[in-house]
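Enquirer: The following block contains the structure, expressed as structure tokens.
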Amino acid sequence: MPVSSPDVEILQIGPYPEWDQAPLDATFKMHRYFEANNKADLLATVAPKVRGIATRGELGADRALIGALPKLEVISVYGVGYDAVDLAACRERGIRVTNTPDVLTKDVADLGVAMMMVQSRGMIGAEKWVRDGSWADKGLYPLKNRVFGRKAGVLGLGRIGFEVAKRLAGFDMDIAYCDVSAKDYAPDWTFISDPVDLARHADFLFVTLAASAETRHIVGSEVIEAAGPDCMIINISRAANIDENALLDALEQGRLGSAALDVFEGEPELNPRFLALDNVLLQPHHASGTFETRKAMGQLVRDNLIAHFSGADLLTPVL
Ligand code: 8YV
């Protein structure tokens, strides 16, 4: 495909950094759906010509949007998670879907492990303790729980779960994981087939599953009860993997020790019950948010679109 293909029209669902926007604008005719005050009007004008969607992991593309674009051929997702894309609707029409795996794996794992450390050692409160003069006024900061040597459970030993577990091994942790089957690439870690049993084992339970209809609320009241008052649940996957109401009930009542969450139902809005809790660490869905990774993700979004429209193989196809 020529470097510039202004004939190819793409609907852009959410904003990208300038370093991605500029090359996209230079290559395709981009229609900014997220900037349109009247989205129906924009669609009515551009729908007959749009051949591609550029979206983000958490925004995806639903059946209604896909149905409104009769010429749609490809959806390029800026993110590894494609649960917000209606894959069934894509399959019915032979629409290709791509995502951005691998390039973000290690940053997501880093943040998950950092969340465990920050929350377990009370580092947010400790920072405040220094800044507000409590250190000088009240003395030593309250003691917190140790991380090294304790028991970790990794729910979903895919690319991200594997990198989390590798990092936890560096903390001399006793590592178990749950997945659809035991993994031969994880000989040193204990396979536990039932998420409830995994939660019972864990002092730190990492949720690292790709979200789908099958995994919805896999961390529900049973898993949360099994985790118990000494456990921390860390979610760097998708909010839908956890029953948020059951999580909030357990956190409020002390039946679950704590949680460290990068994802929320209805984000960026979140259930106000979270804000009243001091046993949660709240993060703004930024596990992949480093310059290096986001640049690599943006490049993959473009390269997949360019590959599709020049008839080459997709680099990272989902469908
Ligand atoms: C987001 C993500 O895409 O990779 C995923 O699945 O959810 C994230 O990387 C990112 O926040 C950009 O929107």
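When we follow the working numbering, the leftmost residue of the sequence shown carries the number 8, and every step to the right adds one.
Virtual Cβ for every residue (Gly too), placed ideally from N, Cα, C.
1) Return the Cβ separation of Met304 and Val110 in integer angstroms, given the expectation that the two are a contact with Cβ distance under 8 Å.
2) Give the range of the beta strand (DSSP E) segment to which Thr62 is assigned.
3) Tell me where the alpha helix (DSSP H) around Thr300 begins and ends.
4) Here's a check: name, in chain order, each residue in its chain whose Cβ is nearer than 7 Å to the Cβ of His208, leaving out the five neighbours to either side.
5) Go to Gln19, then tell me how far its beta strand (DSSP E) extends in each direction, as first and last residue.
6) In the region 74-127, which residue ranges form an unbroken beta strand (DSSP E) of at least 3 residues, counting only runs that do not cross its ends?
7) Whether or not the region 236-248 and the region 211-225 are in contact is what I'm after, with contact meaning three or more pairs of Cβ atoms, one per stretch, closer than 8 Å; do they touch?
8) In chain order, which beta strand (DSSP E) runs of at least 3 residues are fully inside the region 208-269?
9) Could you pull the start and end residues of the beta strand (DSSP E) that Ile182 belongs to?
10) First and last residue of the beta strand (DSSP E) that includes Lys151?
11) So Ile17 packs on Ala61, CB below 8 Å; how close in whole Å?
12) Cutting at 6 Å between CB atoms, please list the residues of its own chain near Ile167, excluding the five before and the five after it.
13) For the alpha helix (DSSP H) containing Gly132, list its first residue and its last residue.
14) What are the complete beta strand (DSSP E) segments, minimum 3 residues, inside the region 19-51?
15) Classify Phe271 as helix, strand or coil using the three-state DSSP reduction.
16) Tell me whether Gly168 sits in a helix, a strand or coil according to DSSP, three-state version.
17) Can you grab the Cα-Cα spacing for the pair Ala266 / Gly67, in whole Å?
18) Suppose contacts are defined by Cβ-Cβ distances below 9 Å. Is Phe211 in contact with Cys238 by that definition?
19) Between the alpha carbons of Asp320 and Ala314, how many angstroms are there, rounded?
20) Starting from Ala193, trace the alpha helix (DSSP H) in both directions and tell me its first and last residue.
21) Since Pro324 sits in a beta bridge, which residues does DSSP pair it with?
22) Considering Ala143, what are the terminal residues of the alpha helix (DSSP H) in which it resides?
23) Is the region 223-230 touching the region 167-176, taking contact as three or more C-beta pairs under 8 Å?
24) Where Leu205 and Leu268 are concerned, what is the direct C-alpha to C-alpha distance, given to the nearest angstrom?
25) Going by DSSP in three states, Leu205 sits in which element: helix, strand or coil?
26) Where do the N-terminal and C-terminal ends of the beta strand (DSSP E) with Ala294 fall, by residue?
27) Distance, Cα to Cα, Val104 vs Gly64?
28) Taking the straight line between their C-alpha atoms, what separation do you get for Leu254 and Gly132?
Expert: Here's the rundown:
1) The count along the sequence shown starts at 1 and reaches residue 304 at position 297. The count along the sequence shown starts at 1 and reaches residue 110 at position 103. By a beta-carbon distance limit of 8 Å, Met304 contacts Val110. Their separation comes to about 6 Å.
2) As a working note, residue 62 is residue 55 in the sequence shown. Where Thr62 is concerned, the enclosing beta strand (DSSP E) stretches over 57-63.
3) Counted from its first residue, the sequence shown places residue 300 at position 293. Per DSSP, Thr300 belongs to the alpha helix (DSSP H) from 298-316.
4) Here residue 208 corresponds to residue number 201 of the sequence shown, with the count starting at 1. Within the same chain, His208 has close Cβ partners Lys158, Gly160, Ala183, Ile199.
5) The residue labelled residue 19 in the question sits at position 12 within the sequence shown. For Gln19, the enclosing beta strand (DSSP E) has its first and last residue at 16-19.
6) Along the length of the region 74-127, whole beta strand (DSSP E) runs at least 3 residues long occupy 81-85, 103-105, reported in chain order.
7) Inter-segment contact for the region 211-225 and the region 236-248 is present: three or more beta-carbon pairs are separated by less than 8 Å.
8) Entirely contained in the region 208-269, the beta strand (DSSP E) runs reaching 3 residues are, in chain order, 211-214, 239-242, 265-268.
9) Taking the first residue of the sequence shown as position 1, residue 182 is located at position 175. Run containing Ile182: 181-185, per the beta strand (DSSP E) assignment.
10) Here residue 151 refers to the residue found at position 144 when the sequence shown is read from its first residue. From DSSP, Lys151 is part of no beta strand (DSSP E); its letter is neither H nor E.
11) Working through the sequence shown from its first residue, we reach residue 17 at position 10. Working through the sequence shown from its first residue, we reach residue 61 at position 54. Contact between Ile17 and Ala61 holds: their C-beta atoms lie close to 5 Å from each other, under 8 Å.
12) As a first step, residue 167 is located in the sequence shown; it is residue number 160 there, counting from the start. Thr112, Val115, Ala116, Thr215.
13) In the sequence shown, counting from the first residue as 1, residue 132 sits at position 125. Secondary structure note for Gly132: its alpha helix (DSSP H) is the uninterrupted segment 130-138.
14) When DSSP assignments are scanned along the region 19-51, the uninterrupted stretches of beta strand (DSSP E) that are 3 or more residues long and fall wholly within it turn out to be 36-39.
15) Taking the first residue of the sequence shown as position 1, residue 271 is located at position 264. If DSSP states are grouped into helix, strand and coil, Phe271 belongs with coil.
16) Numbered from its first residue, the sequence shown carries residue 168 at position 161. Judged by DSSP in its simplified three-state form, Gly168 adopts helix.
17) One-based indexing of the sequence shown puts residue 266 at position 259. One-based indexing of the sequence shown puts residue 67 at position 60. One alpha carbon belongs to Ala266, the other to Gly67, and they sit about 26 Å apart.
18) In the sequence shown, the residue the question calls residue 211 occupies position 204. In the sequence shown, the residue the question calls residue 238 occupies position 231. In this structure, Cys238 lies closer than 9 Å to Phe211 by Cβ.
19) As a working mapping, residue 320 is identified with position 313 in the sequence shown. As a working mapping, residue 314 is identified with position 307 in the sequence shown. So the alpha carbons of these two residues sit roughly 6 Å apart.
20) The sequence position of residue 193 within the sequence shown is 186, counting from 1. Segment: none, Ala193 is in no alpha helix (DSSP H) and carries neither H nor E.
21) Here residue 324 is taken as the residue at index 317 of the sequence shown, counted from 1. In DSSP, Pro324 forms a bridge with Thr105.
22) Locating residue 143 in the sequence shown gives position 136, counting from the first residue. Unbroken alpha helix (DSSP H) run through Ala143: 141-145.
23) As far as the Cβ criterion goes, the region 223-230 does not touch the region 167-176, which means the pair count is below three.
24) Locating residue 205 in the sequence shown gives position 198, where the first residue counts as 1. Locating residue 268 in the sequence shown gives position 261, where the first residue counts as 1. Approximately 19 Å, taken between the alpha carbons.
25) Against the sequence shown, residue 205 aligns to sequence position 198. In this structure, DSSP gives Leu205 a helical state, which the three-state scheme calls helix.
26) As a position in the sequence shown, residue 294 is number 287, starting the count at 1. Counted as a single uninterrupted DSSP element, the stretch harbouring Ala294 is not any beta strand (DSSP E), since DSSP gives it neither H nor E.
27) The residue given as residue 104 occupies position 97 in the sequence shown. The residue given as residue 64 occupies position 57 in the sequence shown. Rounded to whole angstroms, the gap between the alpha carbons of Val104 and Gly64 is 12 Å.
28) Looking up residue 254 in the sequence shown gives position 247. Looking up residue 132 in the sequence shown gives position 125. For Leu254 and Gly132, the distance between alpha carbons rounds to 22 Å.
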